[in-house]
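Presented below is the structure to which this report refers.
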């Protein structure tokens, strides 16, 4: 049993649990649920009671499904908890109710752990992992990581699919907002003085994996990460998905993207498209591996050293 670790990632929209085999670096089992933790956060500055209850239920559900001891799990939480003024009370309540002890990590640590997972994933998929730019679109923040051999530069940007959707519903100026973000990202990339054409474009998280899955003929219920991993997505695929969403009923979209993601997926695609434009890339490699895998791998590597 001591070669197994359970990692938990409580994001702004998703709750993800992983049981991982440290010895063989393999996923044993996993569980994902949409909890909408950042719902209303833009307006109120706090995590709502409803969101907390959804998280508690998701945790209890995951313990049943994955069969783990909550006291042994390594748990991280990200942008929504970084932003919320009541995060300490929420975390204390979650610990009392579920015994999961969450650690709020900053954008730099989130980027480091996600990059660790992606490097392992690229090796597994036999894709060259020397020079690449990694995009991680979260619910409350977006990370861009430029990896050059064994070095990397990362920046966490203060927008994600949930927070940007909530802002857009109030102000209706998504595209001017995205233009501003484009300038911010361009500034960061320019400061690194790189020839971007020497870098491949890699994307992780819900939006890229959903688009890759739809392209491959999967829906939310038939989703297979093993087939999605290493798939490529191009700008035409983004337009194709936007078209589908514009012309489908809510039920059809839910079947494709899953409950709790319907209202955010279009904004997610526009964010993804914006990064394509900034990087001047035609396609990106998509991976399902992200923060929770990075948390597990990081723990395994540390355990080997001890």
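Numbering (the UniProt record's numbering), first residue to last: 1 to 306. Note that CB positions come from ideal geometry on N, CA and C, so glycine has one too.
Residue closest to residue 205, alpha-carbon to alpha-carbon, out of 251, 228, 54, 87: The shortest Cα separation from residue 205 among 251, 228, 54, 87 belongs to 228.
Please go through the same chain and pick out, in chain order, the residues whose beta-carbon is closer than 8 angstroms to the beta-carbon of residue 143, but skip the five residues on each side of it. 107, 110, 111, 114, 134, 135, 136, 154, 155, 156, 157, listed in sequence order.
Touching by the beta-carbon criterion (3+ pairs, under 8 angstroms), the stretch 192-207 and the stretch 251-271: With three or more CB-CB distances shorter than 8 angstroms, the stretch 192-207 counts as touching the stretch 251-271.
Counting Cβ pairs closer than 8 angstroms, one from the stretch 193-202 and one from the stretch 234-249, do we hit at least three? Flag = no, the stretch 193-202 and the stretch 234-249 do not touch.
Quick check: the Cα distance between residue 29 and residue 66, rounded to an integer number of angstroms? Within the model, the alpha-carbon separation for residue 29 versus residue 66 is close to 7 angstroms.
C-beta atoms of residue 269 and residue 211 nearer than 8 angstroms: Yes, they are a contact pair.
Rounded to whole angstroms, how far is the Cβ of residue 301 from the Cβ of residue 9, which I believe are closer than 8 angstroms? Between residue 9 and residue 301 the Cβ distance is about 18 angstroms, and since that is not below 8 angstroms, they are no contact.
Measure the Cβ-Cβ separation of residue 201 and residue 94 and say whether it is below 8 angstroms. Cβ distance not < 8 angstroms, so residue 201 and residue 94 don't count as in contact.
Local conformation of residue 307 per DSSP, three classes: Because the chain in this structure spans residues 1 to 306, residue 307 falls outside the shown range and cannot be described.
Buried or exposed: where does residue 246 fall if 16 or more other Cβ atoms within 10 Å of its Cβ makes it buried? By the 10 Å Cβ count, residue 246 comes out exposed.
For residue 216, which residues in the same chain have their Cβ closer than 8 angstroms to its Cβ, ignoring the five residues on either side in sequence? Correct list, in chain order: 227, 228, 231.
Could you check the C-alpha separation between residue 263 and residue 305 for me, to the nearest Å? Taking the Cα positions, residue 263 is about 44 angstroms away from residue 305.
Taking the alpha carbon of residue 140 as the reference point, which residue from 253, 162, 125 has its own alpha carbon closest? For the residues 253, 162, 125, the minimum Cα distance to residue 140 belongs to 162.
Could you say which of 71, 54, 233, 241 lies nearest to residue 286 if we only look at CA atoms? Measuring from the Cα of residue 286, the nearest candidate turns out to be 233.
In its own chain, which residues sit with a C-beta less than 8 angstroms from the C-beta of residue 299, not counting the 5 before and 5 after it? So the list reads 5, 7, 22, 74, once near-sequence residues are dropped.
Just checking my contact of residue 166 with residue 42 at CB under 8 angstroms: how many whole Å lie between their CB atoms? Contact flag correct, Cβ pair sits at about 4 angstroms.
Taking only the alpha-carbon atoms, compute the straight-line gap between residue 92 and residue 104 and give it to the nearest angstrom. Each residue's CA atom was taken as its position, placing residue 92 and residue 104 some 12 angstroms apart.
Residue ranges of each alpha helix (DSSP H) run of no fewer than 4 residues wholly in the stretch 215-266, ordered along the chain? Correct list: 225-228, 235-246, 250-257.
Whole-angstrom C-beta distance between residue 39 and residue 58, which should lie under 8 angstroms: About 14 angstroms separates the beta carbons of residue 58 and residue 39, which is beyond the 8 angstroms limit, so they are not a contact pair.
Inter-residue CB distance, residue 293 and residue 18 (contact presumed, cutoff 8 angstroms): Right, their Cβ atoms sit about 6 angstroms apart.
For residue 85 and residue 189, the rounded distance between their alpha carbons: When rounded, the separation of the alpha-carbon atoms in residue 189 and residue 85 is 31 angstroms.
Return yes when the Cβ of residue 63 is within less than 8 angstroms of the Cβ of residue 164, no when it is not. No; because the gap between Cβ atoms is not below 8 angstroms, this pair is not in contact.
Cα separation between residue 1 and residue 250? Interpretation of residue 1 is limited by its pLDDT of 46, a score under 50 that renders its predicted location unreliable; no figure is taken from the coordinates.
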